[in-house]
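S.K.: Protein sequence lines correspond, in order, to chains A and B. Quick note, in the working numbering, the first sequence goes up one by one and the last residue is 549. Quick note, in the working numbering, the second sequence goes up one by one and the last residue is 268. I have a structure I would like to understand better, so I am pasting it below and will then ask my questions one at a time.
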Amino acid sequence: MSKSKKISYAITLVFVVLLYAVVALLISQGTINRYYGGIITMICINVILTVSLNLASGFLGQLVLGHAGFMSVGAYTAALFTIHSGLPVLVSFPIALLLAGLVAALFSVIIGIPALRLRGDYLAIITMGFGEIIRVLILALPFTGGARGLIGIPAVAPRKSGINANVLLFSYVFFLAVLTVYIIYSFIKSRHGRAVIAIREDEIAAEASGINTTYYKLLAFILAAFFAGIAGGLYAHHVGVLNPAKFDFNYSIEILVMVVLGGMGSITGSVISATVLTILPEALRQFSDYRMLVYSIILIIVMLFKPSGLLGQRELSIKKLVQRIFDTEKNTGKVKKEEG
Amino acid sequence: MSVLETRNLGISFGGLQALQDVHFSINEGEIIGLIGPNGAGKTTVFNLLTDVYIPTDGVIELDGENIVGQKTYQITQNGIARTFQNIRLFKDISVIDNVKIAMNSQMKYSVLSGIFRFPAYRREEKEVSKRAHELLQVFHLDENAHDLARNLPYGQQRKLEIARALATNPKVLLLDEPAAGMNPTETMELMETIRLIRDKFQVAVLLIEHDMNFVMGICEHIVVLDYGKIIAEGNAEEIRNNPKVIAAYLGGE
Chain A
210 MSKSKKISYA
220 ITLVFVVLLY
230 AVVALLISQG
240 TINRYYGGII
250 TMICINVILT
260 VSLNLASGFL
270 GQLVLGHAGF
280 MSVGAYTAAL
290 FTIHSGLPVL
300 VSFPIALLLA
310 GLVAALFSVI
320 IGIPALRLRG
330 DYLAIITMGF
340 GEIIRVLILA
350 LPFTGGARGL
360 IGIPAVAPRK
370 SGINANVLLF
380 SYVFFLAVLT
390 VYIIYSFIKS
400 RHGRAVIAIR
410 EDEIAAEASG
420 INTTYYKLLA
430 FILAAFFAGI
440 AGGLYAHHVG
450 VLNPAKFDFN
460 YSIEILVMVV
470 LGGMGSITGS
480 VISATVLTIL
490 PEALRQFSDY
500 RMLVYSIILI
510 IVMLFKPSGL
520 LGQRELSIKK
530 LVQRIFDTEK
540 NTGKVKKEEG
Chain B
16 MSVLETRNLG
26 ISFGGLQALQ
36 DVHFSINEGE
46 IIGLIGPNGA
56 GKTTVFNLLT
66 DVYIPTDGVI
76 ELDGENIVGQ
86 KTYQITQNGI
96 ARTFQNIRLF
106 KDISVIDNVK
116 IAMNSQMKYS
126 VLSGIFRFPA
136 YRREEKEVSK
146 RAHELLQVFH
156 LDENAHDLAR
166 NLPYGQQRKL
176 EIARALATNP
186 KVLLLDEPAA
196 GMNPTETMEL
206 METIRLIRDK
216 FQVAVLLIEH
226 DMNFVMGICE
236 HIVVLDYGKI
246 IAEGNAEEIR
256 NNPKVIAAYL
266 GGE
């Protein structure tokens, strides 16, 4: 690894730790109230969803229209586990999250094997159908609470344990979001990620270059579903009540919009757009009736002037940002000297 | 020794017999030309060799082993690499990554190793990076290693496609109209490059080309296809004077 890369990673790490420390402190002191805390949690959950969908749609180039379906599978799996396992929630919650990811991944295998062996956009239609079927199944099954919703999902830390549940939940969502970004970023930079990108660029040429396209398509799709499942598990324990209506087609589209807006094939773009598009509807609350209108208009404007999304396929680096700030200072300094 | 051999190779699409009794063999390090009028079935031969179509008759033997029924990527891994008539690069990624992708099947590290940057990842990535640069140097593309493939001029894109095919360590290289759209200087340069890679990589080359100066200039053996059948075979001199070939190209009795 080159020295400049090491510095870049170090700066990013410091930034992440600082961000966590500050927000966790503010939450524990109550400066960030439950409303804002909820928005921050949703930002992290949406980051996980957006970055993972970007792997399937931005890097692999397969349109997935049922990401909320995988999320709902994860949400119900995790919730049912913490409700029924009988373990203390501090223990059962991490297990539940892992299970949520694994069950979602299992579903992605079942629908991915027939759909991904073919070339073309079959996956879009199949995942769309999957999302709807899951929603209807949740409504019909006896143990999911049906349309009334699944209630009684425990908070991540019981009140008598003395642990601040808000801080703990924030820690979970924050670090899992960071972990998701890290894993998908380094996956993309590995030989496996290159193979995935090759499939997006030209599937026939990828196959002719010795890439087992079916394997890599499945791999990326399963990884994406796994993280969507984890996001679902986090969501279930954040809201406490699961309503199947939340996981409808619109939510899948909402996540896809975040991916497209940030840039198909840009992880940092996904992080930024997930953050902005989670805050935006809340910030627009004062316009009440018009907020979805404003939201749509903003999207249209971005797409008109920047069709490849905010960042396209580029990545944003904190190190470069810092450098740029210092460089401009230095440069202006130089200019002044020359003038003198 | 023959490295690739086809016997009685044929395919029909419905009632149309596109290829019939195609029979040829390529020796190690040999350069063979496949020519014929438009629609003769030249690219179809390539597509059969690489499992884009599955032959309805015959066998294809690579190093004495029948490869009919193997998947495209397996055939590539076993030693047949190809380029395409209309260049198919991975356009939105860097030149060097185009080459590294073709080396994927020679790398071994696992998904976990890739994500958590285990020593196997570092070692293999370093090695592949070195090999990719060496390969690009052969084609004078090393200065452009970090440019996007789409930003290369046309002639260099053709070269990159050949470099990518070579990166899979092939025994046989299939080139589909490598000189298409090149000016005479570029064509001359390409002939030099093909001879160079044959010598350097000990690879047999089977190429389709319409530029007769190119084919006659470089190929040791030429196979002529017309209406899906081989009508002539031989060296440049024999082909040039073969009445059947002249008739196929210019019309005749």
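The beta carbon of each residue, even a glycine, is placed where N, CA and C say it ideally should be.
1. A265 (chain A) and V273 (chain A) - do their beta-carbons sit closer together than 8 angstroms?
2. Do V300 (chain A) and P367 (chain A) count as a contact pair if the criterion is CB distance below 8 angstroms?
3. Based on the DSSP output, what are the partners of V382 (chain A) in its beta bridges?
4. Go through its chain and collect everything with a Cβ distance to N375 (chain A)'s Cβ below 6 angstroms, but skip five positions before and after it.
5. Per DSSP, which residues does F39 (chain B) bridge with? Please list them.
6. Can you find the residues in the same chain that come closer than 7 angstroms, C-beta to C-beta, to L385 (chain A), ignoring five residues on each side of it along the sequence?
7. Compare the C-beta of R97 (chain B) against all C-beta atoms of chain A and say whether one is closer than 8 angstroms.
8. With a cut-off of 8 angstroms, does the C-beta of H148 (chain B) fall near any C-beta of chain A?
9. Would the region 409–423 of chain A and the region 76–84 of chain B be scored as touching if the rule is three or more Cβ pairs under 8 angstroms?
10. For a quick check, are the C-beta atoms of V60 (chain B) and T87 (chain B) less than 8 angstroms apart?
11. Look at A182 (chain B) and V230 (chain B) and say whether their C-beta atoms are less than 8 angstroms apart.
12. Using three-state DSSP, classify K212 (chain A) as helix, strand or coil.
13. Under the rule that 16 or more other beta-carbon atoms within 10 Å means buried, what is T240 (chain A), buried or exposed?
14. Report the rounded CA-to-CA distance for I47 (chain B) versus Q35 (chain B), giving the unit in angstroms.
15. Give the DSSP bridge partners of F28 (chain B), in chain order.
16. Quick check: L150 (chain B) and I75 (chain B), are their CB atoms within less than 8 angstroms of each other?
17. May I ask you to verify whether the region 204–215 of chain B touches the region 243–262 of chain B, counting CB pairs closer than 8 angstroms and requiring at least 3?
18. Is the CB of I334 (chain A) under 8 angstroms away from at least one CB in chain B?
19. Between which two residues does the beta strand (DSSP E) containing L240 (chain B) stretch?
20. Identify the residues that DSSP records as bridge partners of K244 (chain B): which are they?
21. Which partner residues does E80 (chain B) have in the DSSP bridge list?
22. Would you list, in sequence order, the uninterrupted beta strand (DSSP E) runs of no fewer than 3 residues that lie entirely inside the region 57–128 of chain B?
23. Given a limit of 8 angstroms on CB to CB distance, which residues of the region 315–347 of chain A reach chain B?
24. Using a Cβ-Cβ cut-off of 8 angstroms, state whether N263 (chain A) counts as contacting chain B.
25. With L486 (chain A) as the anchor, note down where its alpha helix (DSSP H) starts and where it stops.
26. Check L189 (chain B) in the structure and name its three-state DSSP category.
27. Go ahead and label L31 (chain B) buried or exposed: buried means 16 or more other beta carbons lie within 10 angstroms of its beta carbon, across all protein chains shown.
28. In or out: K546 (chain A) buried (at least 16 other Cβ within 10 Å) or exposed?
M.R.: Taking the geometry as given:
1. yes
2. no
3. BP columns for V382 (chain A) are empty, so no partner.
4. I236 and G246
5. B:T21
6. I257, I439 and L443
7. yes
8. no
9. no
10. no
11. no
12. helix
13. exposed
14. 19 angstroms
15. B:L31
16. no
17. no
18. no
19. H236 to D241
20. B:D241
21. B:L77
22. 72–77 and 95–97
23. none
24. no
25. I476 to A492
26. strand
27. exposed
28. Reliability fails at K546 (chain A), whose pLDDT of 43 lies under 50, so the model's placement of it is uncertain and the value that follows must be treated cautiously. So K546 (chain A) ends up on the exposed side.
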